Amino acid sequence: MDILQLVDRLESLLNRSRRLPLSSSVVINEEEFLEIIDQLRIAVPEEIKAARRMQQERARIVSEAQEEADRITEEARRRISLMIDDHELAQAARARSEQIVRQAEQQAAALRQGADEYAAQVLRQLDQHLTNVQRVVRNGLASVSANEDGQTGTRT
Numbered sequence: 005m006d007i008l009q010l011v012d013r014l015e016s017l018l019n020r021s022r023r024l025p026l027s028s029s030v031v032i033n034e035e036e037f038l039e040i041i042d043q044l045r046i047a048v049p050e051e052i053k054a055a056r057r058m059q060q061e062r063a064r065i066v067s068e069a070q071e072e073a074d075r076i077t078e079e080a081r082r083r084i085s086l087m088i089d090d091h092e093l094a095q096a097a098r099a100r101s102e103q104i105v106r107q108a109e110q111q112a113a114a115l116r117q118g119a120d121e122y123a124a125q126v127l128r129q130l131d132q133h134l135t136n137v138q139r140v141v142r143n144g145l146a147s148v149s150a151n152e153d154g155q156t157g158t159r160t
């Protein structure tokens with residue numbers, strides 16, 4: 005039986021009891037009163053046990069909820085850490101790729117400059133060679149021309 009019901013029964017017993025004239029005292033049925041007290045003695049420990057069980061259950065639920073919250077928090081921290089690592093790796097990869105592109109552009113510019121210098125050197129050598137060939141050709145023409153003049157003068 006519930007404690008509150010037993011308290012209600014005690015109150016009902018008190019209200020049904022006879023009042024003594026000219027006093028605030030009442031005559032209560034002792035047997036019924038003791039029976040309710042015995043039931044209270046039985047009910048109170050049961051209520052306390054039930055309250056303890058509820059308190060233990062509540063503590064267990066709170067503990068499980070805290071463990072779950074801790075697990076979720078740790079998982080979130082781990083994911084954030086991975087995301088930060090991924091972000092840092094991406095930034096490092098981006099920086100490295102930009103460095104490689106800069107180096108490739110510098111090497112390409114150096115190769116172009118080297119190719120231009122080589123082409124200019126070859127063209128200068130060709131110009132000098134052509135100048136020498138042209139001189140030889142002119143000297144040859146001048147020599148042939150001089151021989152022709154000398155031969156035509158002796159025939160007439």
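Every letter in the sequence shown is one number past the one before it in my numbering, and letter 143, counting from 1, is 147. Don't be surprised by glycine CBs; every beta carbon is placed ideally from N, CA and C. Computed from a prediction, not measured in an experiment: that's the story for all the values here.
Problem set entry | Beta-bridge partners of residue 23, as assigned by DSSP | Its beta-bridge partners are 30.
Exercise. In this structure, does DSSP put residue 6 in helix, strand or coil?
Worked result: Residue 6: coil per DSSP, three-state reduction.
For this session: Please report how far the alpha carbon of residue 21 lies from the alpha carbon of residue 41, in whole angstroms.
Result: C-alpha separation (whole angstroms): 16 Å.
Exercise. With C-beta atoms as the reference, is residue 18 less than 9 Å away from residue 30?
Worked result: Yes, Cβ-Cβ distance for residue 18 and residue 30 is below 9 Å.
Problem set entry | Alpha-carbon spacing of residue 70 relative to residue 52, whole angstroms | Rounded to the nearest angstrom, the two C-alpha atoms are 26 Å apart.
For this session: Give a yes or no on whether the C-beta atoms belonging to residue 47 and residue 6 are separated by under 9 Å.
Result: Remark: C-beta atoms of residue 47 and residue 6 approach each other more closely than 9 Å.
Exercise. Could you give the distance in angstroms between the alpha-carbon of residue 80 and the alpha-carbon of residue 95?
Worked result: Straight-line Cα distance between these residues: approximately 22 Å.
Problem set entry | Cα-Cα separation between residue 135 and residue 107, rounded to whole angstroms | Residue 135 and residue 107: Cα-Cα distance of roughly 41 Å.
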